[in-house]
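Just below is one structure, and these are the notes that go with it.
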Amino acid sequence: MDSSIVYFPALLRENGYFTTLRFKKDYNASCPKNVWDKDDFWDINESLEGRKEKQPFFIFYNTWISHETRLHHKKTAIIFSGQFRVYRQY
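Adding 17 to a residue's 1-based position in the sequence shown gives its number in this note's numbering.
Structure, rendered in structure tokens:
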């Protein structure tokens with residue numbers, strides 16, 4: 018990737034923000050190490066560890082649910098115990 022491109026969280030850090038990301042780093046490109054202050058937490062309570070008092074923050078909290086899981090299934094009804102039907106919406 019072009020080294021002149023700056024990631025949004027890096028811009029926030031330059032302006033005093035504490036930036037944090039929940040694990041998932043799917044950028045489709047390499048990511049410089051100075052983008053996030055913290056990028057390895059799992060529990061939301063850990064997300065701001067290391068932040069200074071009253072420091073503004075930006076949290077990117079990924080859910081680990083991928084859009085990819087919805088690409089490769091047939092559009093058919095799924096029956097659960099004969100009680101009701103749930104149709105795929107994609």
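Note that the Cβ used here is the ideal one computed from N, Cα and C, for glycine as well.
Remember, predicted model here, so these are calculated numbers, not experimental data.
Item to complete: Check Leu65 in the structure and name its three-state DSSP category.
Response: Your numbering for residue 65 matches position 48 in the sequence shown. Three-state DSSP puts Leu65 in coil, outside helix and strand.
Practice prompt. Thinking Arg39 and Asp54 are a contact (beta carbons under 8 Å), I'd like their distance in whole angstroms, please.
Written response: As a first step, residue 39 must be located in the sequence shown, where it is residue number 22. As a first step, residue 54 must be located in the sequence shown, where it is residue number 37. The beta-carbon separation of Arg39 and Asp54, rounded to 13 Å, does not stay under the 8 Å limit for a contact.
Worksheet item: Which word fits Val23, buried or exposed, when buried means at least 16 other C-beta atoms lie within 10 angstroms of its C-beta?
Response: Start at 1 with the first residue of the sequence shown, and residue 23 comes out as number 6. Val23 should be labelled exposed.
Discussion item. I need the straight-line Cα distance from Asp60 to Asn51, nearest angstrom please.
Written reply: On the sequence shown, residue 60 is found 43 positions in, with the first residue counted as 1. On the sequence shown, residue 51 is found 34 positions in, with the first residue counted as 1. Approximately 22 Å between the Cα atoms of the pair.
Fill in: Bounding residues of the alpha helix (DSSP H) (the contiguous stretch that carries Glu31)
Here residue 31 corresponds to residue number 14 of the sequence shown, with the count starting at 1. Residues 25-31.
Discussion item. Less than 7 Å between the C-beta atoms of Pro25 and Phe74, yes or no?
Written reply: Taking the first residue of the sequence shown as 1, we reach residue 25 at position 8. Taking the first residue of the sequence shown as 1, we reach residue 74 at position 57. Residue identity differs from the one stated: residue 25 is Phe in this sequence, not Pro. Result no, Cβ atoms of Phe25 and Phe74 do not sit closer than 7 Å.
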